[in-house]
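Residue numbers (full-length UniProt numbering): 1 to 306. Heads up: the structure comes next, in structure tokens.
This is how it looks when you write it as structure tokens:
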């Protein structure tokens, strides 16, 4: 009888573990379905498309596994990393950041997405509010837009004058050199898309009620000023591409390929190696004869609608 109970318990436990595994990967599928909701033409997918989607998921899971090893190496060595993600609106920066952070510890790898400066911050040294978000030992910080706002949106939209832009260009190479001398590694990505692709993505957001929050008046105005942004971007890449912190351009028209290419490249920027994992043993739970679990009051229970 005992043997039968143990066998039953083991079978049930294995099924529960399998379900937990499926649940965790369903989260990723949900993200991909979100991308596809308004991109589906209703026509059957070509065999090449189906094959690439299978390859995409396989490669993404592999790269995310390598990111976990990278994170462990950063924590173990005390390395400090800053990754800047820049590019036009709707270029795909957020998508790749989501895939990078999806399986990492948010205490070690965090995202800094700063809002517009308030009145007090406008009177500070330009780089001051970014400094508070720099990593300590064993941390990775990803800036979803960064101090390069001054060379892009602030300049194009008239939020700063040309003297301030010129001072930024004089200061930013020295600022980044100072960070690298202090031991902070800086990796800078620019996500590049075509005029036609940005228009398509903006229209998708306009017609998608779950994505309309992504469109601000600033985004719409940036669409009108495409050529001004191009000129500003080209000058930025030319004047701030320094050996200590070079720019890397990610071709972003194909979102999935852009994610894989960016993550693969990021992994090559650090000499990480897998550490030997110590075996983890789950300790037995202490049990008391008089332990009783009190029932939860009915009025506190969330209704089970599903």
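Built from N, CA and C at the ideal position, the CB exists for glycine as well.
Asked	Found
Would a C-beta distance cut-off of 8 Å place residue 134 and residue 267 closer than the cut-off?	no
Would you decide whether residue 5 is buried or exposed? Buried here means 16 or more other CB atoms lie within 10 Å of its CB.	With a pLDDT of 47 at residue 5, under the threshold of 50, the predicted position of this residue should be treated as unreliable, though the coordinate-derived value follows. Result: exposed.
So, helix, strand or coil for residue 87, using DSSP?	strand
Beta-carbon within less than 7 Å of residue 274's beta-carbon, same chain only, minus the 5 sequence neighbours each way: which residues are those?	69
Using three-state DSSP, classify residue 278 as helix, strand or coil.	coil
Taking residue 263 as part of the beta strand (DSSP E), name the residues at either end of that continuous run.	Not the beta strand (DSSP E): residue 263 falls in the alpha helix (DSSP H), residues 255-267.
With distances taken Cα to Cα, identify the nearest neighbour of residue 57 among 75, 203, 77, 99.	99
Quick check: the Cα distance between residue 88 and residue 280, rounded to an integer number of angstroms?	45 Å
Considering only the beta carbon of each residue, do residue 269 and residue 187 sit closer than 8 Å?	yes
Using 8 Å as the threshold, is the C-beta distance between residue 224 and residue 215 below it?	no
I think residue 144 touches residue 111, with their Cβ atoms under 8 Å apart; what is that distance to the nearest whole Å?	6 Å
Could you compute how far the alpha carbon of residue 174 sits from the alpha carbon of residue 86?	20 Å
To the nearest angstrom, report how far apart residue 298 and residue 304 are at their CA atoms.	12 Å
Assuming residue 150 and residue 126 are in contact, meaning their beta carbons sit under 8 Å apart, how far apart are those beta carbons, in whole angstroms?	7 Å
When the Cα atoms are used, what is the spatial distance from residue 307 to residue 284?	With the chain covering 1 to 306 only, the question about residue 307 has no answer from this structure.
Check the DSSP bridge columns for residue 273 and list the partner residues they point to.	DSSP lists no partner for residue 273.
Assuming residue 190 is part of the beta strand (DSSP E), what are its boundary residues?	184-192
Would DSSP call residue 142 helix, strand or coil?	strand
Cα-Cα, which of 55, 117, 60 is closest to residue 264?	60
Is it buried or exposed for residue 146, if we count other Cβ within 10 angstroms and need 16 for buried?	buried
For the alpha helix (DSSP H) holding residue 226, just list the boundary residues, first then last.	226-239
Starting from residue 249, follow its DSSP beta bridges and name the residues at the other end.	190
Could you give the residue range of the alpha helix (DSSP H) that holds residue 51?	47-77
Per DSSP, what kind of secondary structure is residue 165 in: helix, strand or coil?	helix
When the Cα of residue 222 is compared with those of 158, 104, 122, 294, which residue comes out closest?	158
Please state the DSSP three-state secondary structure of residue 80.	strand
Under the rule that 16 or more other beta-carbon atoms within 10 Å means buried, what is residue 218, buried or exposed?	exposed
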